[in-house]
Every structure is written in structure tokens, then in C-alpha cells.
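K.L.:
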Amino acid sequence: MRAEILEQIYTIVASVPAGRVTTYGRIARMTEGASARSVGTAMRTLPAGHQLPWHRVIGASRRLADHGGAGRQREKLQAEGVVFDATGRVPAQRLWPD
DNA sequence: ATGCCGGCTCAGC
DNA sequence: GGCTGAGCCGGCA
């Protein structure tokens with residue numbers, strides 16, 4: 490993936506405030522030429538020592554994607570005050586607006 | 001170059 | 001809303 494796109498993704502993720510979340514798809518659409526899936530891999534391959542709030546990026550269904558760090562992700566979000574309903578979803582109003 | 005495997009999504013049921 | 005199947009496309013061996 491082009492470095493420029495990666496920069497955009499990082500910038501957008503970095504702009505999501507604590508307690509709010511956004512989705513892979515939204516990020517993909519905000520960038521030029523990134524697909525939701527590529528945003529996923531971008532999060533997966535974050536360089537060591539990064540300081541991005543990757544945990545604030547969730548799926549379009551507003552659930553956490555099931556991957557290795559899902560447990561940590563959920564904890565981090567809850568620590569920021571993000572609530573999950575009985576079915577494990579984040580309320581829509583938590584979405585970071587464009 | 002090729003093939004396989006994903007931190008996804010969307011349209012149909 | 002939940003489940004499924006099919007596109008999609010970047011990383012990595």
C-alpha cells in the first residue's frame with residue numbers, strides 16, 4: 490500500500506478522540522484508494538512504538554473484529570468509557586463523525 | 001509472478 | 001438483527 494495512503498490512515502486514526510470510535514470502512518472512504526480490508530492490515534502491521542489508538546477502529550457492524558487483540562481492544566475501549574450493549578456492539582452515537 | 005490468508009463490507013435471505 | 005457468500009486488495013512466503 491502506498492506510503493501516502495498509510496499516512497492518511499494514521500492521521501485519521503490519530504484524530505479519533507478517546508471515548509469515540511470509527512470504522513475500517515469509514516477510514517477507507519476518507520482516504521484516497523484504501524479499501525476497508527487494507528485499513529485492517531494497516532492496523533495489523535502498525536510499526537512498533539506507534540502511538541495510534543488502533544483500538545478505536547471497529548467494524549461497520551459496530552462490533553470488534555475478532556482478531557488476536559480483541560480482548561485488549563475491548564478493555565482499552567471500556568477504560569475510555571465506551572460501552573458495549575448485550576450483543577457486544579458500540580452504540581451508534583459513539584461513532585466519530587466525519 | 002503466484003497463491004493463500006486476512007482486524008472488511010455489502011447484498012440477499 | 002443474524003448468517004452466508006462473494007468481491008476486494010494488500011502483505012508475505
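Residues in the first sequence are numbered from 490 upward in steps of one, following this note's numbering. C-beta atoms are modelled at their ideal positions from N, C-alpha and C, and glycine is treated no differently.
#1: Below 8 Å between beta carbons: does that hold for Gln540 and Leu553?
#2: What does a CB cutoff of less than 8 Å around Val579 pick up in its chain, not counting 5 residues either side in sequence?
#3: Counting along the chain, where does the alpha helix (DSSP H) carrying Met532 start and finish?
#4: Where Ala507 and Gly529 are concerned, what is the direct C-alpha to C-alpha distance, given to the nearest angstrom?
#5: Can the beta-carbon of Ile494 be found less than 8 Å from the beta-carbon of Ile516?
#6: For Ser504 and Gly514, what's the separation of their Cα atoms in angstroms?
#7: Please report the residue range of the alpha helix (DSSP H) in which Glu496 lies.
P.N.:
This is what the structure holds:
#1: The count along the first sequence starts at 1 and reaches residue 540 at position 51. The count along the first sequence starts at 1 and reaches residue 553 at position 64. No, the Cβ-Cβ distance between Gln540 and Leu553 is not below 8 Å.
#2: By one-based count along the first sequence, residue 579 stands at place 90. When the five nearest sequence neighbours on each side are left out, the beta carbons in the same chain lying within less than 8 Å of the beta carbon of Val579 are those of Val510, Ile547, Arg551, Arg552, Leu566, Val571, Val572, Phe573, in order along the chain.
#3: Within the first sequence, the letter at position 43 stands for residue 532. It spans 525-533 - the alpha helix (DSSP H) in which Met532 sits, taken as one unbroken run.
#4: Against the first sequence, residue 507 aligns to sequence position 18. Against the first sequence, residue 529 aligns to sequence position 40. Approximately 20 Å, taken between the alpha carbons.
#5: For the purposes of this step, residue 494 is taken as the residue at position 5 of the first sequence. For the purposes of this step, residue 516 is taken as the residue at position 27 of the first sequence. Against a cut-off of 8 Å, the Cβ pair of Ile516 and Ile494 comes out as no contact.
#6: As a working mapping, residue 504 is identified with position 15 in the first sequence. As a working mapping, residue 514 is identified with position 25 in the first sequence. Near 16 Å, if we compare the C-alpha coordinates of Gly514 and Ser504.
#7: Your numbering for residue 496 matches position 7 in the first sequence. Glu496 -> alpha helix (DSSP H) spans 492-503.
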